[in-house]
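Student:
Residue numbers (this note's numbering): 20 to 91.
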């Protein structure tokens, strides 16, 4: 396998445990991981679980109980 040219880290990477000599050990292009949001491998960023305020159920039907013998 050929060596991949690793690009330098971006400012969002500072403080991460995956940095070695100014380059990311996991991703070849760290800037690409920060473009769409948080880097999935960032050890210095804590992910927050989002919980909905209230569960809303719309359009569900009740199931009919089946009797023995396959008849309803």
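Each residue gets a CB set at the ideal place from its N, CA and C atoms; glycine is no exception.
1. Tell me which residue opens and which closes the alpha helix (DSSP H) that residue 51 is part of.
2. Rounded to whole angstroms, what is the Cα-Cα separation between residue 61 and residue 43?
3. Confirm, please, whether the CB-CB distance from residue 77 to residue 53 is below 8 Å.
4. What's the gap between the Cα of residue 32 and the Cα of residue 73?
Tutor: Quick answer:
1. Mapped onto the chain shown, residue 51 falls at position 32. Residues 49-54.
2. The residue labelled residue 61 in the question sits at position 42 within the chain shown. The residue labelled residue 43 in the question sits at position 24 within the chain shown. Each residue's Cα considered, the two are about 10 Å apart.
3. As a first step, residue 53 must be located in the chain shown, where it is residue number 34. As a first step, residue 77 must be located in the chain shown, where it is residue number 58. Cβ atoms of residue 53 and residue 77: not closer than 8 Å.
4. Locating residue 32 in the chain shown gives position 13, where the first residue counts as 1. Locating residue 73 in the chain shown gives position 54, where the first residue counts as 1. Computed Cα separation, rounded: 35 Å.
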